[in-house]
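Novice:
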Amino acid sequence: MSASEQNGEAILIRDLWKIYPQKEGLSVTSEDVENEELVEELDKGDDAVVAMKNVSLTINQGETFIIMGLSGSGKSTLIRCLLRLVEPTSGEIIINGENVTAMNKNELVKFRREKIAMVFQHYGLLPHRTVLENVAFGLKLRGESEKDRTGKARDAIGKVGLKDWADYYPASLSGGMRQRVGIARALVMDAPVLLMDEPFSGLDPLIRRQLQDEMIRLQKTMNKTIFFVTH
72 MSASEQNGEA
82 ILIRDLWKIY
92 PQKEGLSVTS
102 EDVENEELVE
112 ELDKGDDAVV
122 AMKNVSLTIN
132 QGETFIIMGL
142 SGSGKSTLIR
152 CLLRLVEPTS
162 GEIIINGENV
172 TAMNKNELVK
182 FRREKIAMVF
192 QHYGLLPHRT
202 VLENVAFGLK
212 LRGESEKDRT
222 GKARDAIGKV
232 GLKDWADYYP
242 ASLSGGMRQR
252 VGIARALVMD
262 APVLLMDEPF
272 SGLDPLIRRQ
282 LQDEMIRLQK
292 TMNKTIFFVT
302 H
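Last residue of the sequence shown? That's 302 in our numbering, and every number before it is there in order.
Put into structure tokens, the structure is as follows:
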């Protein structure tokens, strides 16, 4: 067992930076930082800007951690760095005792399938698969039997209020319904950590409240750790 697990830490972020060569974000100069790697990145040109600057935080096991901020403030960049969908420029990410920043490609794929799940802001559904198939797809990649993954997927679909829509395709659903499919797809993986990038933004108030209550229940009864980004 790692030191972070012994201390009850689910997510540990140390000195995380993300620098983009674009004219967007928070501009800094090489005089503002001491890390040699960052100085080298910033010295590449005047267009280098910072999306995240020296972020450090700790999220404990079973905690719901919420980050709020305006559009363009780096919230989604941070949450995507945890999965390395966006590669951080510098820093360290430890999730449940595993150093995500040090993982190779195969280790990262296995980690994403088994240890963490994410709800994206813009659905990311497969248009040629039904709701049931979309929700069960991650379990299929994990190697679970058709019987097991179908049962789990139907249960997750029921939790988000789409029991009667299991055999429909995404094109038949409203935006809010598609987002609920995305939430069900994350829930079905039963991962200890859930990353949620503004998942309720497209939902009607009643469903939004129901899903907020479901997230709280998961945290308390199943010891989920939830990293939630909103504006």
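Backbone N, C-alpha and C define an ideal beta-carbon position, used for all residues, glycine too.
Less than 8 Å between the CB atoms is what I'm expecting for alanine 237 and valine 202, so what's the real figure, rounded?
Specialist: 5 Å
Novice: Use the C-beta contact count for valine 104: other C-beta atoms within 10 angstroms, 16 or more gives buried, fewer gives exposed.
Specialist: Interpretation of valine 104 is limited by its pLDDT of 47, a score under 50 that renders its predicted location unreliable; the figure taken from the coordinates is listed afterwards. Burial call: buried.
Novice: Which partner residues does valine 190 have in the DSSP bridge list?
Specialist: Beta-bridge analysis with DSSP links valine 190 to Met267.
Novice: What would DSSP say about arginine 223, mapped onto helix, strand or coil?
Specialist: Just to set this straight, residue 223 is lysine in the shown sequence, not arginine. Collapsing the DSSP output to three states places lysine 223 in a helix.
Novice: What are the start and end residues of each continuous alpha helix (DSSP H) run of 4 or more residues lying completely inside the region 129-200, in chain order?
Specialist: 146-154 and 176-185
Novice: Taking 8 Å as the threshold, find out whether the region 164-173 comes into contact with the region 239-258 through three or more Cβ pairs.
Specialist: no
Novice: So for lysine 124, helix, strand or coil by DSSP?
Specialist: strand
Novice: CA-CA distance, isoleucine 82 and glycine 232?
Specialist: 30 Å
Novice: On the criterion of 16 or more Cβ atoms from any shown chain inside 10 Å, does arginine 213 qualify as buried, or is it exposed?
Specialist: exposed
Novice: Looking at the secondary structure, which residues open and close the alpha helix (DSSP H) in which leucine 258 lies?
Specialist: 246-258
Novice: Mind reading off the beta-carbon distance from isoleucine 84 to isoleucine 164? Whole number of angstroms is fine, and I expect it under 8 Å.
Specialist: 6 Å
Novice: On the CB-based measure, 16 or more other CB atoms within 10 Å of its CB, does leucine 141 come out buried or exposed?
Specialist: exposed
Novice: Checking the sheet assignment: what are the DSSP bridge partners for valine 231?
Specialist: BP columns for valine 231 are empty, so no partner.
Novice: For asparagine 131, is the classification buried or exposed, using 16 other Cβ atoms within 10 angstroms of its Cβ as the cut-off for buried?
Specialist: Exposed.
Novice: Valine 300 and isoleucine 254: beta carbons closer than 8 Å?
Specialist: no
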